[in-house]
Amino acid sequence: MQLTWLGHSCVLLTGSKKVLVDPFIRDGSVKGTDPDIVAITHGHADHLGEAVALKKKTVAVSEVAYYLKAKGVQAESMNIGGTLELDSVSFTMTPAVHSSRIEDDSGSYDGGAAAGFVITMDGVSVYHAGDTALFSDMKLIGELYHPAIALLPIGGRYTMGPAEAMMAAQFVGAKTVVPIHYNTWDRIAADHVPFKKALERTADISVRILKPGESMECSPVQ
Ligand code: NI
Ligand code: MN
185 MQLTWLGHSC VLLTGSKKVL VDPFIRDGSV KGTDPDIVAI THGHADHLGE
235 AVALKKKTVA VSEVAYYLKA KGVQAESMNI GGTLELDSVS FTMTPAVHSS
285 RIEDDSGSYD GGAAAGFVIT MDGVSVYHAG DTALFSDMKL IGELYHPAIA
335 LLPIGGRYTM GPAEAMMAAQ FVGAKTVVPI HYNTWDRIAA DHVPFKKALE
385 RTADISVRIL KPGESMECSP VQ
């Protein structure tokens, strides 16, 4: 399976299916990725992104799924703690300590709870934390699902910053960590260099810094 970071919180997983998480990038469109399935961590605009325009099969928490269905999207609702198998891809919705609200031209709507996902395809599990603070139950995500890769926000202000993400990485225990949700705007500026150095010195974890649009290969945990 291949993982492509398109920027911000937007990640494309390409294996037997194409799964796009949080279809928002700051500049341009993600329409060209042509995913089979879209997964939305929460209702904020920088995550819901182009979900309505893409009109693909979309996995989201009940409130976001309800909104998307009303817009003509084939949305699959689920909720935190649950697992949904869709076209041989498994989505487990994990908690996130964050808020959620949907805003569009006609008003603002309840986004339900904010979440993250453990997505398993072709035997590889990836944890996408969504927008979240550090919470100690990330240990359970590691113990239960053994993700090979953890995508963790490090931008601060709205989510964890690098210091908290260092502890999150150790709680989850994935061998590879990819920082996300940083440097999209000045308000979430963060330096991945000390984050990578400090984490790799402290733990048996490698930090992979991707440029927007850059891909990496993901193999199953041995
Ligand atoms: Ni958010
Ligand atoms: Mn966000």
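Those letters in the sequence shown? Residues 185 to 406, per our numbering, in order. Glycine is no exception: its CB is placed at the ideal position from the N, C-alpha and C atoms. Given the structure is predicted, the values throughout are model-derived calculations rather than measurements.
When DSSP states are grouped into helix, strand and coil, H376 belongs to the helix group. Under the three-state reduction of DSSP, G300 is assigned to strand. Within a 10 Å sphere around the beta-carbon of D206 sit 16 or more other beta-carbons, which makes this residue buried.
In the three-state DSSP reduction, V257 falls in the coil class, being neither helix nor strand.
For E401, the secondary structure class from DSSP, reduced to helix, strand or coil, is strand. By the criterion of at least three beta-carbon pairs nearer than 8 Å, the segment 232-251 is in contact with the segment 208-223. Here the segment 347-355 does not lie against the segment 280-300, with fewer than 3 beta-carbon pairs under 8 Å apart. Its Cα nearest to that of N263, the residue H226 stands out among R285, H226, L252. Listed in chain order, the alpha helix (DSSP H) elements of length 4 or more contained wholly in the segment 226-301 are 229-232, 235-238, 246-254.
Restricting attention to A249, K239, G340, G357, the CA atom closest to the CA of A373 is found in G340.
Within the same chain, and ignoring the five residues on either side of K323 in sequence, the residues whose Cβ sits closer than 7 Å to its Cβ are F355. DSSP, read as helix, strand or coil, puts Y311 in strand. L318 is the residue among T267, V203, L318, F275 whose C-alpha sits nearest the C-alpha of H282. Checking the 7 Å criterion, the Cβ of S283 is out of range of every heavy atom belonging to ligand 2. Separation of the CB atoms of P337 and H365 is rounded to 4 Å, and the pair is thereby assigned contact status at 8 Å. Secondary structure remark: continuous alpha helix (DSSP H) runs of at least 4 residues inside the segment 332-391, in chain order: 346-356, 376-386.
Across the structure, P331 and M305 are spaced so that their CA atoms are roughly 11 Å apart.
The C-beta distance from T198 to V222 rounds to 14 Å, too long to fall under 8 Å, and the pair is not in contact. The beta carbon of G191 is closer than 6 Å to those of I209, P396 in its chain, skipping five residues each way along the sequence.
Under the DSSP assignment, L394 falls outside any alpha helix (DSSP H); it carries neither an H nor an E label. Y342 has its Cβ nearer than 7 Å to a heavy atom of ligand 1.
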